[in-house]
């Protein structure tokens with residue numbers, strides 16, 4: 016085994032926002048040689064003091080590394096930053112937020128330039144990077160052998176979850192989880208608005224709310240089993256007909272309390288439509304099908 | 016201590032839907048004398064076989080009990096069922112689903128008839144009744160001394176949480192938690208719709224989704240602290256400006272994948288409005304204020 020084989024892969028990191036900087040620090044701390052580049056060069060200075068090489072251009076940064084990691088503003092920025100870089104023989108790991116379609120097109124673009132490609136979707140905020148116990152992780156998609164080859168290096172800043180050979184899969188799962196988060200926060204926003212002026216201390220209500228939503232999370236597994244089997248009426252605990260019977264009370268309460276129903280109304284309407292279509296004996300699985308055009 | 020003092024309070028239970036029946040069973044199992052009445056008398060038969068007394072009229076049922084519990088279709092049904100009953104000296108615990116305004120009006124109605132009153136909001140489905148480890152509980156509101164007096168009896172079918180002297184409080188907290196649940200399920204519905212045709216087994220995705228939402232639940236406490244302090248920019252982990260930057264990706268992905276954005280769009284629009292109003296350095300607390308008219 017020669018020196019090159021025993022040394023840790025060299026990382027080229029393009030994009031030093033809060034997330035890119037956190038990633039660079041994690042790889043530096045683990046002993047990887049890291050070359051950084053950022054459009055605004057000043058953001059590289061603190062990392063240089065911590066042992067990173069700085070590159071004057073993105074092309075220079077790419078040339079210095081084995082694994083090229085992009086964490087830029089958007090997909091267009093990736094194309095612009097790498098326009099003049101020689102990617103042949105490189106492995107490009109694109110952690111820039113984008114759509115599945117953008118990731119698929121970026122993979123084709125990278126392949127045309129002689130690079131192998133992985134797309135990543137980061138399920139963490141910057142303070143969770145390099146903190147294994149934070150539970151943060153990154154979805155990766157693209158050729159499985161590229162992922163397998165770099166898994167150890169990729170696992171340095173955060174956990175890794177392989178999402179599939181379709182380059183768009185990481186972005187798809189990333190967007191799916193973020194969308195679910197926004198739905199939960201929409202419900203939480205409505206709930207807090209309802210009780211904002213009520214008697215119970217808001218922190219006591221927060222405990223009840225957090226416990227309640229945590230207790231409901233396992234229902235997600237039941238939904239998956241129903242989607243898998245195609246049988247939407249087995250394992251039903253609280254059917255849509257019963258839930259829909261409560262809809263007028265939910266809407267009327269919000270109106271009486273002066274709370275806009277905009278965040279909760281679309282789901283309640285979808286539920287009532289599903290019941291009207293004769294599926295009152297189901298839970299939510301059938302509503303998932305209704306959402307797909 | 017005489018026989019009356021040592022015996023368990025007599026329950027009059029009006030309304031034998033799935034929930035009312037589960038409540039009756041729990042009190043019977045704990046040794047309470049239970050008299051039941053239901054508009055359709057046949058529903059009382061199984062309970063009679065288990066030891067319940069059956070009453071031919073609601074008024075007769077009310078006369079037989081110390082604690083009158085209503086678990087009917089809606090608030091109007093409560094007024095109708097009890098129209099001919101003598102409520103003087105009774106304690107009425109109304110577990111019928113309704114709005115806070117309905118509970119307040121029902122309290123005044125009960126007081127005018129000489130009864131004390133508690134309103135309840137059941138945070139459980141029938142299979143959780145009489146199963147302490149299920150975590151199900153009931154919000155109660157109204158005069159605290161009435162609640163304190165009956166707490167032991169009320170704790171038989173499910174846990175008890177006192178929500179305040181305002182008779183509407185139990186319904187308000189009930190509706191708030193159900194609304195939050197619907198928001199979470201709306202997000203889950205959208206997420207499942209996105210990944211429905213993707214490569215990863217749907218059950219594997221369900222595990223990621225359940226873990227993700229469970230991990231996010233503690234953010235609810237941060238929101239409560241911010242609402243309490245009025246300082247919405249302390250403790251911010253992922254600010255609205257960063258979250259709003261990802262909104263086009265979320266919407267575009269749904270459109271590309273053929274998934275209707277109706278369930279998630281209102282929250283994303285509210286987020287963008289809050290950022291446009293100059294609050295990009297906050298998380299969601301300020302959006303709660305925007306929802307109140």
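Chains as they are written, first to last, in the working numbering: chain P, 16 to 308; chain S, 16 to 308.
Glycine included, each C-beta is placed from N, C-alpha and C at the ideal position.
Check, Outcome
"Given this structure, state the Cα-to-Cα distance separating residue 134 of chain P from residue 279 of chain S, to the nearest angstrom.", "25 Å"
"Nearest to residue 292 of chain P by alpha carbon, out of P:246, P:305, P:282?", "P:305"
"Would you kindly report the start and end of the unbroken alpha helix (DSSP H) that includes residue 282 of chain S?", "280 to 291"
"Would you kindly check if the distance between the Cβ of residue 100 of chain P and the Cβ of residue 77 of chain P is under 7 Å?", "yes"
"Whole alpha helix (DSSP H) runs in the region 72 to 137 of chain S with 4 or more residues, listed along the chain?", "73 to 79, 90 to 96, 115 to 127"
"Shortest alpha-carbon distance to residue 207 of chain P belongs to which of S:195, S:215, S:214, S:204?", "S:195"
"Chain S beta carbons: is any one of them nearer than 7 Å to that of residue 175 of chain P?", "no"
"If I measure Cβ to Cβ from residue 81 of chain P and keep anything under 6 Å in the same chain, skipping five residues before and after, which residues do I get?", "24, 25"
"Assuming residue 315 of chain P contacts residue 265 of chain P (C-beta within less than 8 Å), just tell me the rounded distance between them.", "As displayed, chain P neither begins before 16 nor continues past 308, which places residue 315 of chain P out of reach and without an answer."
"On the DSSP letters alone, give me the boundaries of the alpha helix (DSSP H) that residue 169 of chain S sits inside.", "159 to 169"
"Below 8 Å CB to CB, which residues in the same chain sit around residue 238 of chain P once its five sequence neighbours on both sides are set aside?", "298, 299, 300, 303"
"Between the C-alpha atoms of residue 294 of chain P and residue 147 of chain S, what's the straight-line distance to the nearest angstrom?", "32 Å"
"Expressed to the nearest angstrom, what Euclidean distance is found between the alpha-carbon atoms of residue 16 of chain S and residue 170 of chain S?", "Bear in mind that the predicted position of residue 16 of chain S carries a pLDDT of just 36, short of 50, making it unreliable; the figure below should be weighed with that in mind. Answer to the nearest angstrom: the Cα atoms are 23 Å apart."
"Do the region 171 to 190 of chain P and the region 210 to 221 of chain S make contact, defined as three or more Cβ pairs closer than 8 Å?", "yes"
"Would you say residue 235 of chain P lies against chain S (beta-carbon separation less than 7 Å)?", "yes"
"Can you give the Cα-Cα distance for residue 31 of chain S and residue 253 of chain P, rounded to whole angstroms?", "17 Å"
"So for residue 54 of chain S, helix, strand or coil by DSSP?", "coil"
"Just to confirm, is the Cβ distance from residue 128 of chain P to residue 273 of chain S under 7 Å?", "no"
"Strictly below 8 Å CB to CB, what residues from chain P border residue 282 of chain S?", "197, 198, 200, 201, 204, 278"
"Given that residue 275 of chain S touches chain P, what residues does it touch there, using C-beta distances under 7 Å?", "306, 308"
"Please go through the same chain and pick out, in chain order, the residues whose beta-carbon is closer than 6 Å to the beta-carbon of residue 290 of chain P, but skip the five residues on each side of it.", "255, 256, 259"
"Taking its Cβ as the centre, do 16 or more other Cβ atoms sit within 10 Å of residue 19 of chain P, making it buried, or is it exposed?", "Summary for residue 19 of chain P: the model assigns pLDDT 48, below 50, so the residue's position carries little reliability, and this model does not support an answer."
"Quick test of your reading: residue 51 of chain P and residue 87 of chain P, contact by CB under 8 Å. State the CB separation rounded to the nearest angstrom.", "Rounded, the Cβ-Cβ distance is 13 Å, inconsistent with contact."
"Alpha helix (DSSP H) containing residue 264 of chain P: first to last residue?", "262 to 271"
"So, is residue 131 of chain P buried or exposed, given that buried needs 16 or more other C-beta atoms within 10 angstroms?", "buried"
"CB residue 136 of chain S to CB residue 64 of chain S, shorter than 7 Å?", "no"
"Compare the beta carbon distance of residue 125 of chain S and residue 110 of chain S with 7 Å and say whether it is the shorter of the two.", "no"
"For residue 252 of chain P, would you say it is in contact with chain S, using Cβ-to-Cβ distances shorter than 7 Å as the test?", "yes"
"Between S:156, S:83, S:74, S:251, which lies nearest to residue 47 of chain S when the distance is taken from Cα to Cα?", "S:83"
"Can you find a C-beta in chain P that's less than 7 Å from the C-beta of residue 20 of chain S?", "At residue 20 of chain S the pLDDT is 46, less than 50, meaning the model places this residue with poor confidence; the figure from the coordinates comes in the next sentence. It does not; no Cβ of chain P falls within 7 Å."
"Assuming contact is defined by CB atoms lying nearer than 7 Å, are residue 49 of chain S and residue 41 of chain S in contact in what I supplied?", "no"
"At the level of alpha carbons, what is the spacing between residue 151 of chain S and residue 143 of chain S?", "6 Å"
"Leaving out five residues before and five after residue 346 of chain S in sequence, what residues of the same chain have Cβ atoms less than 6 Å from its Cβ?", "It is not possible to answer for residue 346 of chain S, since the shown part of chain S is limited to 16 through 308."
"Buried or exposed: which applies to residue 163 of chain P, given that a residue is buried once 16 or more other Cβ atoms fall within 10 Å of its Cβ?", "exposed"
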